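Undergrad: Structure in structure tokens, see below.
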Amino acid sequence: MMISDFSLHFAPEVQQALNDNRPVVALESTIISHGMPFPHNLQVALEVEQTIRDNGAVPATIAILDGQVHVGLQDEKLRAFAELSDVVKCSRRDLGFVLAKRHNGATTVAATMIFAHRAGIRFFATGGIGGVHRGAESSWDVSADLQEFNASHVAVFSAGAKAILDLPKTLEVLETSGVPVIGFKTLEFPAFYTRSSGLPLQMSAESPKDLAAILYHGWSAEVLKGCLIANPIPQAHALDAATIEAAIERTIAQANQEGVQGKELTPFLLKHLNAITAGSSQQANRALVLNNAAVAAQTASAYHSLVP
């Protein structure tokens, strides 16, 4: 028996843009529900959407409300989602359960890629992807985000992977999986809150037009699925590397002491890191997300000029 009652619910602005073959950029919703407190989360979500519009594309925040997947949230729905407290953090494994139970769900990078791909949206802006957690050699804690790059045909724009992770191992998993990591105006993998990690990249692009050409040829030749665009945080908002690393180590030690693990670990670490840094990590997070949104929208616009 075929089950065919699932459908995506498109915001009118997003549906019209897709119908007109205009550029659309997807946005995740975990950053709203699990990344920042209200009302800061709503303010940043609105800023990110406006940044995408200002750079020539239409934003599509993806979230699950009462078991329905929304591709694009109009202002009243975005505000309602930002105020919710009963939101499940959803990766691929959680989606069937959340949809069946009619729960509210926030999409991680992996889940956002899934629904963006299904909606025909090629571009997705986020803060940082999940990856291999520190100590994964004993915990085996590896984000499902990494696997999704080989399932969904989406270009993900991020400031690298979250700095709380093991960045060398994260890059190694991406390389082993054949996922292209392209530095935007850099040949070094950014470390989220800082512009450099000391980890070299093999590919870079100097402009959104350059990125668009790489993606267009890769997808046209059917040799590319997902792709990670590593876009460093703007210099003016970058944090001191030694200071943020010390804060991360303190936060991880606290998580280990309290036994926090699994999908609750990243929200815990980000919340406590913000407290330790007196809010500077959250300010940096806002700046890098806005920067990623701008570059994603510019690239999406350039890509659409190439499509026949």
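Using my numbering, you'd call the opening residue of the sequence shown number -13 and step up by one each time.
From the three backbone atoms N, C-alpha and C, an ideal C-beta is built for every residue, glycine too.
Remember, predicted model here, so these are calculated numbers, not experimental data.
1) Who are the near neighbours of H89 in its chain, counting only those whose CB is closer than 6 Å to its CB and skipping five residues on each side?
2) Provide the residue span of the beta strand (DSSP E) that contains L51, from first to last.
3) Are A286 and V34 closer than 8 Å when you measure CB to CB?
4) Extract the residue ranges of the beta strand (DSSP E) inside the stretch 188 to 253, only unbroken runs of 3 or more that lie entirely within it.
5) Cβ of V95 within 8 Å of Cβ of E192?
6) Taking 8 Å as the threshold, find out whether the stretch 229 to 248 comes into contact with the stretch 187 to 207 through three or more Cβ pairs.
7) Indicate the three-state DSSP secondary structure (helix, strand or coil) for Q60 in the structure shown.
8) Decide if Q268 is buried, meaning its Cβ has at least 16 other Cβ atoms within 10 Å, or exposed.
9) Ends of the alpha helix (DSSP H) at I168?
10) So, helix, strand or coil for L150, using DSSP?
11) Quick check: what's the CA-CA separation for D72 versus K87?
12) Helix or strand or just coil, what does DSSP make of A280?
13) Which residues in the same chain have their Cβ closer than 7 Å to the Cβ of I234, if we skip the five residues on either side of it in sequence?
14) What is the residue span of the beta strand (DSSP E) that L13 lies within?
15) Alpha carbons only, please: which of L81, S291, D40, L153 is nearest the one belonging to A198?
16) Would E250 be called buried (16 or more neighbouring beta carbons within 10 Å of its own) or exposed?
17) What's the C-alpha gap between P45 and I107?
18) Taking the CB atoms as reference points, tell me whether V84 and A(-3) lie closer together than 8 Å.
19) To test your reading of the DSSP string, which unbroken beta strand (DSSP E) runs of 3 or more residues are found completely within the stretch 103 to 134?
TA: According to the structure data:
1) V74
2) 44 to 51
3) no
4) 189 to 191, 213 to 216
5) no
6) no
7) coil
8) buried
9) Counting along the chain, I168 falls outside any alpha helix (DSSP H), though it belongs to the beta strand (DSSP E) covering 167 to 170.
10) According to the sequence displayed, residue 150 carries Ile and not Leu. In the structure shown, I150 sits in coil (DSSP, three-state: anything other than H, G, I, E or B).
11) 13 Å
12) helix
13) A149, I150, L259
14) 10 to 13
15) S291
16) exposed
17) 10 Å
18) no
19) 109 to 111
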